[in-house]
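So the sequence lines, in the order shown, correspond to chains F and P. Residue numbers for the first sequence follow the working numbering, beginning at 2 and rising by one. Residue numbers for the second sequence follow the working numbering, beginning at 83 and rising by one. Even glycine gets a Cβ: it sits at the ideal position worked out from N, Cα and C. Note sheet for the following structure.
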Amino acid sequence: MTEVMIDTGNYIAAKAAVMCKPDVVAAYPITPQTTLVEGIAKYLATGEYKGEYICVESEHSAMAACIGASATGVRTFTGTSSHGLLLMHEMLHWAALARLPVIMCNINRVVGPGWNIWADENDSISQRDTGWIQFYCSSNQEIFDTIIQSFKLGEHEKISLPVMISYNAFILSHTSMPVFVPNQKDVDAFLPNRAPKWKLDPDNPITFGNIILPAEYEKVRLDMQKSHEYAKKLILEISKEWKQRFGRYHGDLLEFYKCDGADYILLSMGAIGAESKAAIDNLRKEGLKFGLARVRCFRPFPKEEILKLSKKADLIVIDRNISPGMEGALFTEVKASLYDNTDAKVCGFIAGLGGKDVPFGDIEKMCKKVINGKARHIEWFGLEGV
Amino acid sequence: MAIKDLPIEECYIPGSAACPGCPATMALRIVYKALGKNTVKIVPACCTAVIESLHPYTSFDIPTMNIAFEAAAAGASGVEAGFRMQGKTDITVVAWAGDGGTYDIGIQALSGALERNTNFIYICYNNEIYSNTGIQRSGATPYGAWTTTTVSGKTEFRKEMGEIIQAHHIPYAAQACIAYPEDLFKKLQKAKIIHGPRYIEIMAPCPPGWRFPMEKTVEMGTMAVETGAWALYEVENDKVTFNGRSKLIMEGKVERKPIEDWIKYQGRFRHLFKPKKDIKRIKAIEDHIDQMWERYRKCYL
C-alpha cells in the first residue's frame, strides 16, 4: 500500500534511505543537512533502521568510513552539504576510483566565506570531476524516488560507482511537500541486494588500491568512463522500470517539459528547474513557444540529447553556480555538447547565487530578453541590467 | 616464549619493495604471526603502501585496503561496522599507519575512532619521520634530529603520543619495539582478544631515515630502549605496567644508558658531534628524557 507522507526534503530523504536498508550510515552534521541525519538517527531509535550509524568526527571521516564499510561488501549511505562536501573531496575521488557505490545526498548550499547557508550549487559542481554520478532533484518526490533508484544504479555490476543526489538548501531540504511512499515489499522487489564482485574477505586476500603504474592506471580511468557511458543507458532503464512499478517519472538524464514545437528550450537544474515549469506555462499562455529540458543528471552528462535539442530550438541556460574566470558550469557543458551543430544558438544566465530567490517571473524575464534579441551571450541576472 | 616458538606461518610474502633492514617489515611479520590470517588491514599513505608491491601483486597474504593519509582509523571504523553488520565479528580489523599518519595528519580520525569505542587495533609503526616522502620531520621526530625539513636539527621535542592515547582511556594500549619481538608478540596476542579500541605503537628505527647501516636496525631499537629514549609499557584499563628493560629502568634497578650511546651512531644527529660536540643540545635531549622518566615514575610507579 502506497501512503502519502507530508514532510521536508531531508526527512523524505531519510525515509527513502532507510527503506533501502543500508548496512552502514556514517555522517557528520552540517546545516542544512542536519535534519536528514537526525531523521536516520530517529529511525535507528525506533528500530525502523536496523543498520549501523557511525557518528564520525568529520565529513572526511564520514566518507572514509563509508568507503571502508562499502569495501566489505555492504550497502552504505551518507549525506552532507557545502563545506562538508568540500572536506570530503579527497575521499570522493577515493570512493569513485575504488569503485565503491556509496550513495550520498548533498544539500546544495553556498560555500563561504562569508557564511551563508542558502541554496547554491557551487558545492557539488566543484566536485564534478570526482567520478561520482550526479543527480539534481526538483521536488521531494523526486528526492525520494532518486535515492532508491541510485542504489540500484550505483550498485549495478557494470557501474560500481558512487552516486550523489543533490537538492537545494531549504527550498527543498526544509520545505514540506506530500510524497507517495511505496510499501517496503515493493521497494525490496525493485532493489536487489548488493552483490559486489570483489570485497575484503580473509578467505580471498586481495590488496586494494596499491601502487599502480601509468599504463594500468589509464585503464582504470577508461573503465570508469565506460561505466559512466553505460550509466546513461541504465538510468533510462531504471527510470522506465520505476514508472512501470510505481507510476512516477521525473525524466531520466533530462526531464522534458513542453518541448514539442518549442522555438526555445530552457535548460536548468534543481529548484530553478521546478520553477522553470511555471515560467514555461506562463510563456506558453502568451503564445511564446518555450519548453524546458531540466537537467536531472549532470554526470554522466546528456550531451547527445542536448545536441538533438539544439537542432530544433535555441537554448537558454540558467546556472546557479559559477566557474570563476569562465561561466556557469551547465552553460559550458551545454556548449561543449553542441560542437557538431555549428548553427546552434545558446544564451546563458547566472542567477540565484548565495541563495537569492529565482521566482518564475524572473525566469520569464530572462526568456523574454532572449526573444527580444537583447540578451548577451552570458549575463548575471539582476546584476547586469536584465 | 622465544623467537623459535613463534608461529611458522608467514603472511608477509617475500619479494616486497622494502628497503634492506626495514623495521616495518620486521614488525609486520610479528603482527601477522600474532593476529593470524583472519585479519583485515587498513593502510594509509606510508612506507607500507610501497612495501606492499605493485598492482596487481601484493606482499601480504591477508586482505589489505589502502586509504588516504589521514583516514586510516575512519576507514577501519567503516570496515569494522561492515563486517559486524554481516555477522563476521571474528575478523580482526587492524589499522596500520606510520607516525605521520598517526601523530599528525591522522590524529583526528584516530581520536574519533577511539572515542567511539571502535572495535579495532590501531598500530603505529613509528620511525620518527615522514620516511615515505623522503625523510621530513613529523610530530614524532626527536629534538635535534636532522631531517630534510629540519636541516640544522629539529628545534622542538616530539609529542608524547602514548599520553594522548591514554587520555582516551581505551581498554588496551602498549608501546613496543622491533628489537623485542617476543614482547611485541605478547602485546599483540593480548590485544587480539580484547574488545574495543586497542592501540600499539612500535618503535621502528629506519636505516635510510636515521642514517645508520642497514644491519643495525635491531641494535638501534635495543639502544632506544636501553637509553630510555623509548619505553616499553602497556596500559590495561588505565593500569600502566612497564615491561622488560623499561621496567628495570622504571624501578631503578638499572640505569638507563647515556643518550649519546644511541645518537652517536645515527647520521641524523651527526651535526651534534661534528665538527664540534654540541654539548648544549645533547644535554637538552638527555634532560628531556630524564623529565619523561620523572613524569612516568610520578604517574605510574
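Per-residue burial, residue i [other beta carbons within 10 Å of its own, 16 or more giving buried]
i      : result
P:L117 : buried
P:Y254 : buried
P:W386 : One cannot answer for residue 386 of chain P here, as it falls past the ends of chain P, which runs 83 to 383.
F:L384 : exposed
P:R280 : buried
P:N325 : buried
F:L267 : buried
F:M165 : buried
P:F355 : exposed
P:I85  : exposed
F:R246 : exposed
P:R377 : exposed
F:G288 : exposed
P:A215 : The question names Ala, but residue 215 of chain P is Thr in the sequence shown. Flag for P:T215 reads exposed.
P:V233 : exposed
P:N208 : buried
F:H157 : buried
F:Y218 : exposed
F:R100 : buried
P:I95  : exposed
Distance between beta carbons of residue j and residue i, contact taken as under 8 Å
i      : j      : result
P:K388 : P:Y185 : The structure shown has nothing for residue 388 of chain P, since chain P only spans 83 to 383.
F:M178 : F:N141 : 4 Å
P:G103 : P:M296 : 3 Å
P:I260 : P:A109 : 5 Å
F:D320 : F:G355 : That belief does not hold up - the Cβ atoms of F:D320 and F:G355 are roughly 13 Å apart, past 8 Å.
P:Q168 : F:T73  : 7 Å
F:A97  : F:P163 : 6 Å
P:A256 : P:I282 : 5 Å
P:S159 : P:S98  : Rounded, the Cβ-Cβ distance is 28 Å, inconsistent with contact.
F:T81  : F:E60  : 5 Å
F:K241 : F:Y265 : Their Cβ separation, rounded to whole angstroms, is 28 Å, which puts F:K241 and F:Y265 out of contact at 8 Å.
P:I364 : P:I341 : 7 Å
F:E365 : F:L284 : 6 Å
Residue(s) in a DSSP beta bridge with residue i
i      : result
F:Q135 : F:M165 and F:R300
F:A337 : None; F:A337 has no bridge partner.
F:A28  : F:C56
F:M178 : F:D8
F:I212 : P:L136
P:W178 : P:I205
F:Y258 : F:L293
P:M148 : Correcting the residue type first, residue 148 of chain P is Asn in the shown sequence and not Met. Looking at the DSSP assignment, P:N148 forms a beta bridge with P:V125.
F:D315 : F:Y265
F:T79  : F:M105
F:W381 : F:I351
P:A255 : P:Y281 and P:V317
P:V218 : A small correction: the amino acid at residue 218 of chain P is Gln; Val does not occupy that position in the sequence shown. Bridge partners of P:Q218: P:Y212.
Do three or more CB pairs link the stretch 30-45 of chain F to the stretch 10-18 of chain F at distances below 8 Å? Yes: the two stretches touch, three or more of their Cβ pairs being nearer than 8 Å.
Are the stretch 270-288 of chain F and the stretch 358-366 of chain F touching by the rule of at least three beta carbon pairs closer than 8 Å? Output reads yes: the stretch 358-366 of chain F touches the stretch 270-288 of chain F.
Chain P contacts from the stretch 89-101 of chain F (Cβ-Cβ distance under 8 Å): Of all residues in the stretch 89-101 of chain F, only E91, M92 and W95 place a beta-carbon less than 8 Å from a beta-carbon of chain P.
Closer than 9 Å between beta carbons: that is the criterion. Which residues of the stretch 169-188 of chain F meet it against chain P? Cβ contacts with chain P come from no residue of the stretch 169-188 of chain F.
Residues within the stretch 306-337 of chain P neighbouring chain F, beta-carbon criterion of under 9 Å: Taking 9 Å as the Cβ-Cβ cut-off, the stretch 306-337 of chain P has no residue approaching chain F.
Any C-beta of chain P within less than 7 Å: which residues of the stretch 204-215 of chain F qualify? Within the stretch 204-215 of chain F, the residues whose Cβ lies closer than 7 Å to some Cβ of chain P are P206, I207, T208, F209, G210, N211, I212, I213 and L214, listed in chain order.
Touching or not, the stretch 136-149 of chain P and the stretch 190-207 of chain P, by the rule of three or more beta carbon pairs under 8 Å? Counting Cβ pairs under 8 Å, fewer than three are found: no touch.
Below 8 Å between beta carbons is the criterion; list the residues of the stretch 102-133 of chain P that meet it against any residue of chain F, in chain order. Taking 8 Å as the Cβ-Cβ cut-off against chain F, the residues of the stretch 102-133 of chain P that qualify are K119, N120, T121, V122, I124, A131 and V132.
May I ask you to list, following chain order, the residues of the stretch 148-160 of chain P that have a beta carbon less than 9 Å from some beta carbon of chain F? Residues of the stretch 148-160 of chain P that bring their beta carbon within less than 9 Å of a beta carbon in chain F comprise N148, I149, A150, F151, E152, A153, A154, A155, A156, G157, A158, S159 and G160, in sequence order.
To be precise: take each residue of the stretch 215-229 of chain P, compare its Cβ to all Cβ atoms of chain F, and keep it if any distance is under 8 Å. Which residues remain? Listed in chain order, the positions of the stretch 215-229 of chain P with a beta carbon within less than 8 Å of a beta carbon of chain F would be empty, since no residue qualifies.
Taking beta-carbon pairs under 7 Å, can you tell me which members of the stretch 23-55 of chain F lie near chain P? For the stretch 23-55 of chain F, which is checked against every Cβ of chain P, the residues closer than 7 Å are D24, V25, A27, G52, E53 and I55.
When Cβ atoms are compared, which residues of the stretch 187-201 of chain P fall closer than 9 Å to chain F? Result list: Q190, A191, S193, G194, A195, E197, R198 and T200.
Which residues of the stretch 146-169 of chain F have a Cβ closer than 7 Å to any Cβ of chain P? Give them in chain order. If the cut-off is 7 Å between Cβ atoms, the stretch 146-169 of chain F has nothing near chain P.
Taking Cβ-Cβ distances below 9 Å as the criterion, which residues of the stretch 59-70 of chain F are in contact with chain P? Listed by position, the residues of the stretch 59-70 of chain F near chain P (Cβ gap below 9 Å) are S59, H61, S62, A63, M64, A65, A66, C67, I68, G69 and A70.
Which of the residues in the stretch 118-138 of chain F, read from start to end, lie with their CB under 7 Å from any CB of chain P? Residues passing the 7 Å Cβ filter: none.
Does the stretch 198-208 of chain P come close enough to the stretch 172-182 of chain P that 3 or more CB-CB pairs lie under 8 Å? With a cut-off of 8 Å, the stretch 198-208 of chain P and the stretch 172-182 of chain P count as touching, because enough Cβ pairs lie within range.
With a threshold of 8 Å, are at least 3 pairs of Cβ atoms found where one atom belongs to the stretch 245-257 of chain F and the other to the stretch 329-343 of chain F? Judged by Cβ distances under 8 Å, the stretch 245-257 of chain F makes no contact with the stretch 329-343 of chain F, as fewer than three pairs qualify.
Would the stretch 105-117 of chain F and the stretch 165-174 of chain F be scored as touching if the rule is three or more Cβ pairs under 8 Å? Segments in contact, yes.
Members of the stretch 72-91 of chain F near chain P, C-beta cut-off 8 Å: For the stretch 72-91 of chain F, which is checked against every Cβ of chain P, the residues closer than 8 Å are A72, T73, G74, V75, T77 and E91.
Determine contact between the stretch 124-142 of chain F and the stretch 289-307 of chain F, defined as no fewer than three beta-carbon pairs at a distance below 8 Å. Yes: at least three Cβ pairs fall under 8 Å.
Using a Cβ cut-off of 7 Å, which residues of the stretch 214-236 of chain F contact any Cβ in chain P, in chain order? If the cut-off is 7 Å between Cβ atoms, the stretch 214-236 of chain F has L214 and E217 near chain P.
Mind the definition here: the stretch 345-365 of chain P touches the stretch 221-229 of chain P only if three or more C-beta pairs lie below 8 Å; say whether that holds. The stretch 345-365 of chain P, when compared against the stretch 221-229 of chain P, does touch it at the 8 Å Cβ threshold.
Kindly confirm or deny that the stretch 62-77 of chain F and the stretch 39-51 of chain F touch, where touching means at least three C-beta pairs closer than 8 Å. Taking 8 Å as the limit for Cβ pairs, the verdict is that the stretch 39-51 of chain F does not touch the stretch 62-77 of chain F.
Under 8 Å, with one C-beta from each stretch per pair, do the stretch 201-213 of chain F and the stretch 117-126 of chain P reach the 3-pair mark? Yes: the two stretches touch, three or more of their Cβ pairs being nearer than 8 Å.
Contact residues within the stretch 246-261 of chain P, judged by C-beta distance below 8 Å to chain F: Answer set for the stretch 246-261 of chain P: empty.
Cβ contact (3+ pairs, closer than 8 Å) linking the stretch 139-157 of chain F and the stretch 110-130 of chain F: No, they do not touch.
Counting only Cβ-Cβ distances shorter than 9 Å, please list the residues of the stretch 188-202 of chain F near chain P, keeping chain order. Correct list: K200, L201 and D202.
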